[in-house]
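Colleague: Line order of the protein sequences matches chains A and B.
Per my numbering, the very first residue in the first sequence carries number 71; after that it's consecutive.
Per my numbering, the very first residue in the second sequence carries number 274; after that it's consecutive.
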Amino acid sequence: MERRLAVKRLLLLLTAALLLVPAARIRAAEQVMVLIVSADCPVTHLDVIDVRKLYLGLSVIRDDLPLRALENRSDDRLHEAFLQNVIAMPAGAYEKRLLLMMLQQGAHRPRLFTRTAELLAAVAADPSAVSVAWAKDVAQDRRIKVLRVLWRD
Amino acid sequence: MRHMRDLLEIIARARPAAALALAATLVATPAVILAQEHHHGGDSDWLLFPSAQGLARTGSNADEPQNDHEWAVVDVLFSHSLGRFRALAETEVATDEVEIERLQFGWEFSENTLGWIGRFHQPSSAWNIEHHHGQYLQTAITRPNIERWEDEGGLIPQHVTGLLLETRGALGANGGLAVAVGGGAAPVLHDGSLEPIYVLRTNTGGHRGSWSGRIAYLPDLVGDDSIGLVVAQHDVNVVDPNVAALFGANDVQLDVVGAFAKFAGQEWRLQSAYYYVDVHFVTAPTPRTENFGAGYLQIERSTAVRLTPFARLETSANAGHSTYVSFQPREFELRRELAGLRWDVSHNQALTIEAGRATTLIARFNEVRLQWSAVWP
């Protein structure tokens, strides 16, 4: 009797595991960080090094348009992935670097947004604005243009 | 050359009302800034660098060298951009003075090529181009002697009013090259110290020409490391009759060449520079030349517990025999060794203790400094 129960439990666990694997895959597929601009922005391509330059206070001009970085702080995981894969610096070093660039050249620090909706509205309204977001957050937004995938989990 | 001198004279005597209004705004706005939401960026940006320090000295003539007269300072940095136009103002509000240290209006001709007009820090100083007046962003409390500001007993002009061109571009796969060239009105030697053109105070006048340049190789175009060369020529009018008598000349030309290096690893940071200065006493009855050199090496190590020990060695050559250096007998340190510890109390505040031993032309002393510094917002 006890052996049957143990087998039943094992089968239940295996079934649950099999059911959860696709869900986990779907969840992982959602973790895609993309580079976004306004749909009105004339820029169609930006290299990762240009994104890094822009976020570190150097100027990037495309089609006679000086680009402006907006920082997406709406999600800790997104910010962490952005620092690791685009900026290639820990948070403290990045903050200090931005302070130095402002002190040295008057370079503006990226404007911070803690809410996705506000960030997307700001990007949509400014053809010179550049930011990052989760792909799922901008997939249905016609005001936003995705330039490239920056990172996927 | 005469027209150039006339022009410099006009610039030197000009004290535009707009500058005064700007200064008043910069001084009056900290409370407003602090009240604002932390929402930096956009077209304007602000930073405040407050700091306060205490100092104790022992040794021969220990009470003599008191070049760090400001015990509490707030450095206010403001920048504004509109398309390719950029404005930058750095105002220092200290317990004994208020002055706009930098007031620059710039145009971005192309990507990372900026032309500026105004009062700026001359680009041949390795330390000051990096840290400016932002005390929080330099690990040590003191700056090296040869990099000192004019009103702290500095020997080399640091604030120049004129034109500055800065550019940076890619070199190789990841590297870059940064070049800066500046030219304008040099400080005059007045009342025992170098005196640049002031924005807020009355100017003595008689300023002559200065030009300076810097070229740096950056192993990573967007990184912090650099190695490079600097060169400068400053024509200093000696207005102070006592110093003119000491020099036997009322016109001194300083030719400066130097090299610098800065490397920042995960834990270790190193910053070093050396300058060789040729001094020409141009209007002496028999024009003569002398030279001296000065440099420093600073090493820092970051630790996981927000503590950063650091040490610096400063040395000089021939400075003890230089007539030019002797106009700052109490201030210029021929040699200095120091060590210290910085504790980053929070993400924007630090406490630093620094102990040093120094030798000037007329004194030897030991000193201990304690400093609090911060950056807001």
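We treat Cβ as the ideally placed atom computed from N, Cα and C, and that holds for glycine.
Determine the burial state of Val611 of chain B: buried for a count of at least 16 other Cβ atoms within 10 Å of its Cβ, exposed for fewer.
Modeller: Strictly speaking, residue 611 of chain B in this sequence is Leu, with Val absent from that position. Under this definition Leu611 of chain B is a buried residue.
Colleague: By Cβ distance, which residues of its chain are closer than 6 Å to Glu563 of chain B, with the 5 residues on each side in sequence left out?
Modeller: Cβ within range, chain order: Val552, Ser595.
Colleague: Taking the beta strand (DSSP E) that Gln644 of chain B belongs to, which residues open and close that run?
Modeller: First-last of the beta strand (DSSP E) with Gln644 of chain B: 637–647.
Colleague: From the DSSP output, in three-state form, read off Val511 of chain B for me.
Modeller: Residue state, collapsed to three classes: strand.
Colleague: So, is the C-beta of His405 of chain B closer than 7 Å to a C-beta in chain A?
Modeller: Answer yes: the Cβ-Cβ gap between His405 of chain B and chain A drops below 7 Å somewhere.
Colleague: Going by the CB atoms, is the gap between Asn447 of chain B and Ser129 of chain A shorter than 7 Å?
Modeller: Against a cut-off of 7 Å, the Cβ pair of Asn447 of chain B and Ser129 of chain A comes out as no contact.
Colleague: Give a yes or no on whether the minimum CB-CB distance between Ile214 of chain A and chain B is below 7 Å.
Modeller: Not one chain B Cβ lies under 7 Å of Ile214 of chain A.
Colleague: How would you list, in chain order, the residues of chain A whose beta-carbon sits under 8 Å from the beta-carbon of Gly356 of chain B?
Modeller: Those are Pro136, listed as they occur along chain A.
Colleague: Which residues does DSSP pair with Gln622 of chain B in a beta bridge?
Modeller: DSSP lists B:Ser619, B:Ala647 as partners of Gln622 of chain B.
Colleague: For Phe358 of chain B, count neighbouring C-beta atoms within 10 Å of its own C-beta (all shown protein chains included) and say buried if the count is 16 or more, exposed if not.
Modeller: Phe358 of chain B should be labelled exposed.
Colleague: Applying the criterion that 16 or more other CB atoms from any shown protein chain within 10 Å of the CB defines a buried residue, is Gly521 of chain B buried or exposed?
Modeller: By the neighbour-count rule (16 or more Cβ atoms within 10 Å), Gly521 of chain B is not buried but exposed.
Colleague: Three or more C-beta pairs closer than 8 Å, one from the segment 149–157 of chain A and one from the segment 194–201 of chain A: is that the case here?
Modeller: The segment 149–157 of chain A is not in contact with the segment 194–201 of chain A.
Colleague: Is the segment 422–429 of chain B touching the segment 166–177 of chain A in the sense that three or more CB pairs, one from each, lie closer than 8 Å?
Modeller: Taking 8 Å as the limit for Cβ pairs, the verdict is that the segment 422–429 of chain B does not touch the segment 166–177 of chain A.
Colleague: Could you tell me the distance, in whole angstroms, from the CA atom of Leu634 of chain B to the CA atom of Leu350 of chain B?
Modeller: Each residue's Cα considered, the two are about 36 Å apart.
Colleague: Could you tell me the alpha carbon to alpha carbon distance between Trp389 of chain B and Glu403 of chain B, rounded to whole angstroms?
Modeller: Taking the straight line from one Cα to the other gives about 17 Å.
Colleague: Let me check understanding here. Comparing Cα to Cα, which of A:Pro112, A:Asp145, A:Ala163, A:Ile131 lies closest to Val102 of chain A?
Modeller: Measuring from the Cα of Val102 of chain A, the nearest candidate turns out to be A:Asp145.
Colleague: Could you please give me the residues that DSSP links to Ile390 of chain B through a beta bridge?
Modeller: Looking at the DSSP assignment, Ile390 of chain B forms a beta bridge with B:Phe378, B:Leu436.
Colleague: Suppose you measure from the CA of Arg487 of chain B to the CA of Tyr549 of chain B; what does that come to, to the nearest Å?
Modeller: Rounded to whole angstroms, Arg487 of chain B to Tyr549 of chain B spans 15 Å at the Cα level.
Colleague: Verify the CB distance criterion: does Arg122 of chain A have a CB-CB separation below 7 Å to chain B?
Modeller: At least one chain B Cβ lies under 7 Å of Arg122 of chain A.
Colleague: Look up Asp146 of chain A in the DSSP assignment and say whether it is helix, strand or coil.
Modeller: Looking at Asp146 of chain A - three-state DSSP - the assignment turns out to be helix.
Colleague: Is Thr412 of chain B near Arg615 of chain B, with beta carbons less than 7 Å apart?
Modeller: In contact: Thr412 of chain B and Arg615 of chain B (Cβ atoms closer than 7 Å).
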